[in-house]
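Presented below is the structure to which this report refers.
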Amino acid sequence: MSKRIVITGAASGLGLALALNYAKQGCKIAVADRQDGADAVRQIEAAGGEAFFQQCDVTDDTSMNALATAVEQRWGGVDVLVANAGVATGGAIEDESMEDWNWVTQINVLGVVRTCKVFLPLLRQGSQILCTASAAGLVGMPRMGSYCAGKSAVVSFAESMAIELAPRGIHVSWACPEFFKTNLDKSIRSNDPEMKEFVTKLLNKSGFSAEEIAATLITSMDRGEHQIVTHKSTRQVVMLQRILGKQRYIKMMIKKMAKFGVLKSKKQAA
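Taken in order, the sequence shown gives residues 1 to 270; the numbers are from UniProt numbering.
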C-alpha cells in the first residue's frame with residue numbers, strides 16, 4: 001500500500017524536495033501551499049508518485065480544516081505529516097517590528113501547531129510527523145531573534161509531541177538543518193540589507209542541496225530518530241555548548257560574530 005503523505009510548503013524548496021523523494025517510492029502526496037502547486041504536482045507524477053494540490057494558509061483555521069477534510073475524503077488517513085511551511089526573518093532587535101514578530105510567529109510556530117492539531121485525528125499507530133525547525137532553533141544567532149525564537153519553539157513543541165504521542169505509536173521528528181541551497185535569501189523579510197547579504201553568502205557557501213537534506217531527513221526519520229541535525233558543524237556547536245557551558249560559549253560567540261561583522265553597535269539612549 002502506498003504511503004499517504006501530507007506536506008505543507010510543498011510547492012518549492014525543502015517541501016518539494018521531500019515530496020519528490022517520496023514520489024520515487026511511489027507515495028501519494030498532498031501538496032499544500034499558499035503558492036500554486038501545479039508544477040510540483042507535475043514533477044511528483046513524473047517522478048513516480050501520485051499527487052494533488054490544495055491551496056492553504058497555515059495561519060488560517062478554516063483553510064487548514066479544509067485541507068484535512070480533503071485529505072480524509074481522498075485517503076481516509078495519513079501516514080506521514082510534514083509541517084514544513086515557514087518563512088525567514090532577520091534584523092537587529094530594535095529594527096524588527098512587533099508586526100514582523102507576529103507574522104513569523106503565526107507562520108513558523110502556530111502554523112506548525114495548527115497543522116499538527118488538524119491532522120492528528122487522521123494519524124494512526126505507525127504514522128510519522130516531521131516538523132521543520134532549524135539549527136537556529138538550537139543555536140542562538142544575533143540579528144535573527146524572531147527566527148531563532150520561533151524555531152526554538154518548534155523544537156520544544158515537537159519534543160513535547162514526541163513524548164505525548166509515543167503511547168499511540170506515532171513517531172515525531174524535527175529537522176534542524178543549517179543553510180542549504182534554496183531561494184531563502186529572496187524571500188527573507190528584513191529591513192537590514194547587511195543581514196540579507198550575510199544570508200546570501202551562507203546559502204552560496206553551503207555544500208548541501210535541498211534534495212540531499214530531504215534524503216537525510218527521510219532516512220533518519222525512518223531509523224526512528226527524533227532530533228535530526230543534518231550538518232556536522234551544528235552538532236559540533238551543540239556539543240561545544242555542553243562542554244564550555246553557556247557563560248564561556250556566549251563569550252566565544254560574541255568574539256566570533258564580531259569578527260564576521262554580524263554584530264553592529266548603535267548609540268545607546270542617554
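Just so you know, even glycine gets a beta-carbon here, dropped at the ideal spot from N, CA and C.
Given the structure is predicted, the values throughout are model-derived calculations rather than measurements.
A direct Cα-Cα distance of roughly 26 Å separates Glu225 from Thr105.
When DSSP states are grouped into helix, strand and coil, Ala66 belongs to the helix group.
Note on geometry: alpha-carbon atoms of Leu81 and Ala11 lie some 15 Å from one another. Inter-residue distance for Ile107 and Ala40 is about 21 Å (C-alpha atoms, whole angstroms). Per DSSP, the continuous beta strand (DSSP E) segment holding Glu50 begins and ends at Glu50 to Gln55.
Distance from the CA of Val58 to the CA of Thr89, rounded to the nearest whole angstrom, comes to 17 Å. Two segments are said to touch when three or more pairs of C-beta atoms, one from each, lie closer than 8 Å; by this definition the segment 207-215 does not touch the segment 246-264.
Distance from the CA atom of Gly13 to the CA atom of Gly207, rounded to whole angstroms, is 15 Å.
Secondary structure of Thr132 (DSSP, three-state): strand. Scanning Gly26, Asp95 and Val139 for the CA closest to the CA of Arg242 turns up Val139. With a 10 Å radius around the Cβ and a threshold of 16 neighbouring Cβ atoms, Asp61 comes out exposed. Shown here, Ile5 sits in a strand according to DSSP, grouped into three states.
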